[in-house]
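Scroll down for the structure; my scribbles are underneath it.
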Amino acid sequence: MYTNESIQMYGSPYNQEQADYVTIYECASIPDLDLVKLALNHAEIPFRVQHENALRMGNIPAIGFHGALIQVEADDAKEAREMLLEQGFKLEITHPSNAFFSWLDNKTSSLPLLNRWPVVFRFLFLAALLIFTVYLVLVFTVDPFI
C-alpha cells in the first residue's frame, strides 16, 4: 500500500501519480470495501481508494459523506467493472435519501447565503440560530427574582 495524503494506492507503484483514474465503485460499508479491494488485488488490477479513513469513522450519511471511492486507471476500468459485476457487486452509485434533509433543502435553497452550503451545514446553522433565539427570549423575559 502506498499512501498519498488521503488517497491509499494499491498494486504496482508505477506512475500512479500521472495516471488517469476513474471511479468504478463507491461503497459506504467497510466489508464491501474490503471485498472489492480483495477482488481487485486478486485480479492484479492497480487501484486507489479515496476517503477510506473517513469511511471507518462512523455514520457517514449523517455528515453528508457518501463513502469510499474505488478508482482504477482508465485503461483497466472496463476489465475492473466486468470483474466486479461477475462478483455480484452493483456498480450504480446510489446515495441514501433522507426525507427531512430533502425537505430542508427544498425550503432553504432560495436563501441568499445559505443556499451555497451543504444541507447538513444549513441544518446546523438554523438549529444554532433557533437555540440562540430561545436563549435570548428566556434571558430578557424571565424575571430573575422569582
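Number 147 in the numbering used here belongs to position 31 of the sequence shown; there are no gaps in the numbering. All C-beta atoms, glycine included, are put in the ideal place defined by N, C-alpha and C.
For residue i, which option in the options has the closest C-alpha, if you only look at C-alpha atoms?
i	options	result
Leu185	His167, Ala196 and Val236	His167
Met199	Asn169, Ala159 and Phe256	Ala159
Ala190	Pro234, Thr139, Lys153 and Phe217	Thr139
Cys143	Arg172, Pro162, Asp136 and Ile161	Arg172
Val235	Val165, Thr224 and Val253	Thr224
Hey, could you find the ends of the alpha helix (DSSP H) residue i is sitting in?
i	result
Arg238	Val235 to Thr257
Leu171	Glu168 to Leu171
Ser226	Neither: Ser226 is in no alpha helix (DSSP H) and is coded neither H nor E.
Arg197	Ala193 to Gln203
Leu154	Ile146 to His158
Measure the beta-carbon distance from residue i to residue j and round it to whole angstroms, keeping in mind my assumption that it falls under 8 Å.
i	j	result
Phe239	Leu220	6 Å
Phe163	Leu154	Actually they do not touch by this definition, with Cβ atoms about 11 Å apart.
Ile161	Val188	6 Å
Tyr137	Leu207	Going by Cβ atoms, the distance from Tyr137 to Leu207 rounds to 16 Å, so no, they are not a contact pair.
Determine which residues share a DSSP beta bridge with residue i and list them.
i	result
Gln187	Thr139 and Arg164
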